[in-house]
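The block underneath contains the structure these notes are about, expressed in C-alpha cells.
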Amino acid sequence: MKNANSTSLVCISLGLLFLMLFNITNAENWEQPRRNVNLSPFESWRSAYFCLMNQSNACNHKTNYIITLNGTLNVQDSEINEFCTSGCYDHTLLIFKCIQDVNRDFYFATKAPYSFVKNVTMNACNELKGFDTSKYKDPNSATSLYGRIYVPLISTLMTMAFIATFGV
C-alpha cells in the first residue's frame, strides 16, 4: 500500500509537470491585446506589438498610411485629406489607444514616444497638413558638439588643477 501511494504521487507529479511544459492553451490574445495580462515589461511590449499588428481594410491600399514598429507615418499634403477621411486616421487612433492601454511608456524604433507620433498625427489631420514622423530628434539627448566636448574638457582641466595644487 505504501509503495502504491508513492507511485501514484510520482505519476501525478510527472503528469502535472508535462501539462505545464507542453501547455496547449495560449493566454496571449493577438486580436485583443488589451485582454493580455501585462505583469512584466516584456509582456506589455509584446501586447503593444500585437496592437500594431492589427490591420484595417481601410488602410491597406497605402503602405505609408499604416503605422509600424518604426513609428513612421509619411503623408504628403496632397494625400492628407484621403488619410484623414478614408478611415486610416481612425484606425491609427485606435492603435494609439490600444498602445496607451497596454504600455504607457512605449517608444518606437525611432526612439519617438507614441505620444509624439499621436500628437503629430492628430495635429496634421486637424490642420490638414502633411506630416512625416520619421524625423524625430530627442530633445534631451546631448548630441550637440558642445555637449560632447565640454564634459571631458572640464574634467581634464579640473584633474590637472587638482594635481598641480596638491602635487599628487
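With mature numbering (1 follows the signal peptide of the UniProt record, and there is no 0) applied, the sequence shown covers -27 to -1, 1 to 141.
Cβ coordinates follow ideal geometry from the N, Cα and C atoms, glycine included.
Check, Outcome
"For VAL75, the nearest candidate out of GLN49, PRO6, VAL(-18), LEU130 (CA to CA)", "PRO6"
"Inter-stretch contact at 8 Å, needing at least 3 Cβ pairs: the segment 23 to 32 / the segment -21 to -12", "no"
"Check: PHE15 C-beta below 7 Å from any heavy atom of the ligand MN", "Ligands displayed in this structure: none; no statement on the ligand MN is therefore possible."
"Coil, strand or helix - ILE104 by DSSP", "Sequence inspection shows Phe at residue 104; the Ile mentioned does not correspond to that position. PHE104: strand per DSSP, three-state reduction."
"Identified DSSP bridge partners for ALA48", "Checking the sequence shown, residue 48 turns out to be Val, not Ala. Bridge partners of VAL48: PHE104."
"Coarse secondary structure for TYR87, derived from DSSP in three states", "helix"
"Inter-stretch contact (C-beta, 8 Å, three-pair minimum) for the segment 41 to 54 and the segment 73 to 93", "yes"
"Test item: CB-CB of LYS91 and PHE69 under 8 Å", "yes"
"Cβ shell of SER35 (< 7 Å), same chain only, five flanking positions each side left out", "Note that residue 35 is Lys in the sequence shown here, rather than Ser. No residues qualify anywhere along the chain."
"TYR109 (DSSP reduced to helix, strand or coil)", "coil"
"Residues near CYS24 in its chain [Cβ-Cβ closer than 6 Å; skip 5 each side]", "PRO6, ILE68, CYS71, ILE72"
"Selected residue, minimal CA-CA separation from ASN99, among GLN49, ILE53, PRO86", "ILE53"
"Cβ pair THR106, ALA85 closer than 8 Å", "yes"
"Alpha-carbon to alpha-carbon, SER(-22) and LEU(-9)", "20 Å"
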